[in-house]
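Engineer: Structure in structure tokens, see below.
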Ligand code: ARG
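Numbering (UniProt numbering), first residue to last: 1 to 459.
Here it is in structure tokens:
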């Protein structure tokens, strides 16, 4: 069968050209968006007196039939179908003859692919947000459970100050919260209907673009037909937001990898998320965490692939734009799966709190607390910092801890020091004291969890 556009051609496409040109292999997943777009289009054409009631009804009925048959696997596509738009329209014409040929009135594949992709991106943003919300629920639950359990807080991967496990988890809650907000924000700009822009310049046929937008559930109509068929910003926005979100996943996954190591022993990842070694019988490897850490690569890659494709393309539509889809689909699949798998893994992870506690006495985690105590004694902070630095050095040389120091030893460092005035330097004391807004005190962590919960319930 000849292609739907073959009127001005004398010969058919070369076989390998046909393969190279076709996008049906991957864009078939847009079938439902494509059919929804066509149904809205024919309803509008009928309302405006451009198609008859009978034509509309026959077209809608047949499109719904086609949709069902695609879903049940009854329809098999071939490269000869070129893309999902041609495939669906081709079947429609096969079944309805001349009536089917009316559907493409006042429409081009250029606005058709744009509306399909926007509908798809809108739907998928909703699903990504659902998975992010699940992740947030899991984090809130774990943070609550461990809101007062102490662990080491690091900077430069060196022991810094004690924090609570709940506090550390709530840091990730904030990152994923911003991710949700970013996706919601990108939805605002995606929610514009381009259908009716036609090839690039609009149409002489008296269509009603606002009506099609309304039927399809769009909030707005794109303003300029040329921009409408050339714009892929909304795909890039989804890819950018996904890249940032995958970067968060990658950082968190890395923490799971080292927390799970023999050296740390903070967690023991559930067997169902680990794999063994083909040679070393004792091994239990955190493969899922490593894969989650690595998956970010393809998501960044997809973003840069499309940025590069779009760069330098003149107005209006160019076939280059067909290259937007595989990366878009891969990004969406990767992100949704990563969020789901990670959330489930976190749900099944418990912290080895006893083991963590054993590591707290290394690294003078309470040094800042002593410096802040000196500040309360009216010693300027820079001087206090210097004094505690000397105490650390003395302790290291003499293999002592702060609490082992006698008043005599303290006085040899600075004559204003006396052990009796020291605050509670236990890890609990350090944690409980950090009640500043956003601090790690359990009461503060509880407040953060409360605010987080209220936000999650509201969105
Ligand atoms: N498969 C094409 C794409 O994804 C559809 C639009 C083709 N339009 C055209 N005039 N060749 O971009």
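Beta carbons: idealized from backbone N, C-alpha and C, even for Gly. Just so we're clear, the structure is a prediction, and the values are computed from it rather than from any experiment.
Please give me, in chain order, every unbroken run of the alpha helix (DSSP H) with length at least 4 that falls completely inside the stretch 16-83.
Structural biologist: DSSP runs (the alpha helix (DSSP H)) wholly in the stretch 16-83: 24-27, 31-47, 53-71.
Engineer: Anyone know if the C-beta pair for residue 197 and residue 237 falls short of 7 angstroms?
Structural biologist: No, these two residues do not count as a Cβ contact at 7 angstroms.
Engineer: Could you check if residue 355 is buried or exposed, using at least 16 other CB atoms within 10 Å of its CB as the buried criterion?
Structural biologist: It counts as exposed.
Engineer: Between residue 242 and residue 194, how many whole angstroms is the CB-CB distance? I'm expecting something under 8 angstroms.
Structural biologist: Not really, about 22 angstroms apart at Cβ, beyond 8 angstroms.
Engineer: Cα separation between residue 303 and residue 373?
Structural biologist: Roughly 50 angstroms between the two C-alpha positions.
Engineer: For the ligand ARG, is there a heavy atom less than 6 angstroms away from the beta-carbon of residue 6?
Structural biologist: Residue 6: no, Cβ never under 6 angstroms from the ligand ARG.
Engineer: Is the shortest distance between the beta-carbon of residue 331 and the beta-carbons of chain C less than 7 angstroms?
Structural biologist: Among the protein chains of the structure shown there is no chain C, as only one such chain exists.
Engineer: With DSSP collapsed to three states, give me the class of residue 151.
Structural biologist: Looking at residue 151 - three-state DSSP - the assignment turns out to be strand.
Engineer: Pick out the complete alpha helix (DSSP H) segments inside the stretch 89-144, 4 residues or longer, and give them in chain order.
Structural biologist: Runs found: none.
Engineer: Give me the Cα-Cα distance between residue 446 and residue 147, rounded to the nearest whole angstrom.
Structural biologist: Spanning the two alpha carbons is a distance of roughly 7 angstroms.
Engineer: Quick check: residue 452 and residue 140, are their CB atoms within less than 7 angstroms of each other?
Structural biologist: In this structure, residue 140 lies closer than 7 angstroms to residue 452 by Cβ.
Engineer: Any contact of the stretch 352-367 with the stretch 417-431, i.e. 3+ C-beta pairs under 8 angstroms?
Structural biologist: Touching, yes.
Engineer: With distance defined between alpha-carbon atoms, name the residue in 159, 177, 174, 152 nearest to residue 165.
Structural biologist: The residue with the shortest Cα to Cα distance from residue 165 is 152.
Engineer: Rank 433, 144, 205, 201 by C-alpha distance to the C-alpha of residue 315 and give the top, closest one.
Structural biologist: For the residues 433, 144, 205, 201, the minimum Cα distance to residue 315 belongs to 201.
Engineer: Can residue 23 be considered in contact with the ligand ARG, in the sense that its beta carbon sits closer than 6 angstroms to one or more heavy atoms?
Structural biologist: Yes - the ligand ARG has a heavy atom lying nearer than 6 angstroms to the Cβ of residue 23.
Engineer: Please give the ranges of any alpha helix (DSSP H) in the stretch 179-215, keeping only runs that are unbroken, at least 4 residues long and fully inside the region.
Structural biologist: Complete alpha helix (DSSP H) runs here, min 4: 209-215.
Engineer: So, is residue 2 buried or exposed, given that buried needs 16 or more other C-beta atoms within 10 angstroms?
Structural biologist: Label assigned to residue 2: exposed.
Engineer: Below 8 angstroms on the Cβ atoms is my guess for residue 60 versus residue 39; work out the distance and round it to an integer in Å.
Structural biologist: Right, their Cβ atoms sit about 5 angstroms apart.
Engineer: Could you name the residues of the same chain whose beta carbon sits closer than 7 angstroms to that of residue 300, not counting the 5 residues immediately before and after it, in chain order?
Structural biologist: Excluding sequence neighbours, residue 300 sits near 243.
Engineer: State yes or no: is the C-beta of residue 229 nearer than 6 angstroms to some heavy atom of the ligand ARG?
Structural biologist: False, no ligand heavy atom lies under 6 angstroms from that Cβ.
Engineer: With a threshold of 6 angstroms, establish whether the CB of residue 337 neighbours any heavy atom of the ligand ARG.
Structural biologist: False, no ligand heavy atom lies under 6 angstroms from that Cβ.
Engineer: Where does residue 304 sit, in a helix, a strand or coil, going by DSSP?
Structural biologist: Here residue 304 sits in helix by DSSP.
Engineer: Looking only at DSSP bridge pairs, what is residue 366 linked to?
Structural biologist: Paired residue(s): none; residue 366 is not in a bridge.
Engineer: Would you tell me roughly how many angstroms separate the C-alpha atoms of residue 265 and residue 282, rounded to the nearest one?
Structural biologist: Near 16 angstroms, if we compare the C-alpha coordinates of residue 282 and residue 265.
Engineer: Quick one, which of 342, 81, 42 has its alpha-carbon nearest residue 15's?
Structural biologist: The option with the nearest alpha carbon to residue 15 is 81.
Engineer: Rounded to a whole number of angstroms, what is the C-alpha to C-alpha distance between residue 334 and residue 294?
Structural biologist: If I take the Cα positions, the gap works out to 11 angstroms.
Engineer: Hey, is residue 322 close to the ligand ARG, as in C-beta under 6 angstroms from one of its heavy atoms?
Structural biologist: Because some heavy atom of the ligand ARG lies under 6 angstroms away, the Cβ of residue 322 counts as near it: yes.
Engineer: Would you kindly report the start and end of the unbroken alpha helix (DSSP H) that includes residue 159?
Structural biologist: Per DSSP, residue 159 belongs to no alpha helix (DSSP H); it is in the beta strand (DSSP E), 158-164.
Engineer: Mind checking which residues open and close the alpha helix (DSSP H) that includes residue 223?
Structural biologist: It is not in any alpha helix (DSSP H) - residue 223 carries neither H nor E in the DSSP assignment.
Engineer: How long is the line joining the alpha carbons of residue 79 and residue 87, rounded to whole angstroms?
Structural biologist: Cα-Cα distance, rounded: 10 angstroms.
Engineer: With a threshold of 6 angstroms, establish whether the CB of residue 110 neighbours any heavy atom of the ligand ARG.
Structural biologist: For the ligand ARG, at least one heavy atom lies less than 6 angstroms from the Cβ of residue 110.
Engineer: Using only the heavy atoms of the ligand ARG, determine whether one of them is closer than 6 angstroms to the beta carbon of residue 83.
Structural biologist: Yes.
Engineer: Could you say if the stretch 108-117 and the stretch 26-40 meet the contact criterion of at least three C-beta pairs nearer than 8 angstroms?
Structural biologist: Yes, the stretch 108-117 touches the stretch 26-40.
Engineer: Closer than 6 angstroms: is that where the CB of residue 113 sits relative to any heavy atom of the ligand ARG?
Structural biologist: Checking the Cβ of residue 113 against the ligand ARG gives yes.
Engineer: Do you know offhand how far residue 310's Cα is from residue 55's?
Structural biologist: Cα-Cα distance, rounded: 39 angstroms.
Engineer: Among 399, 291, 188, 444, which has the Cα closest to the Cα of residue 235?
Structural biologist: Nearest of 399, 291, 188, 444 to residue 235, Cα basis: 188.
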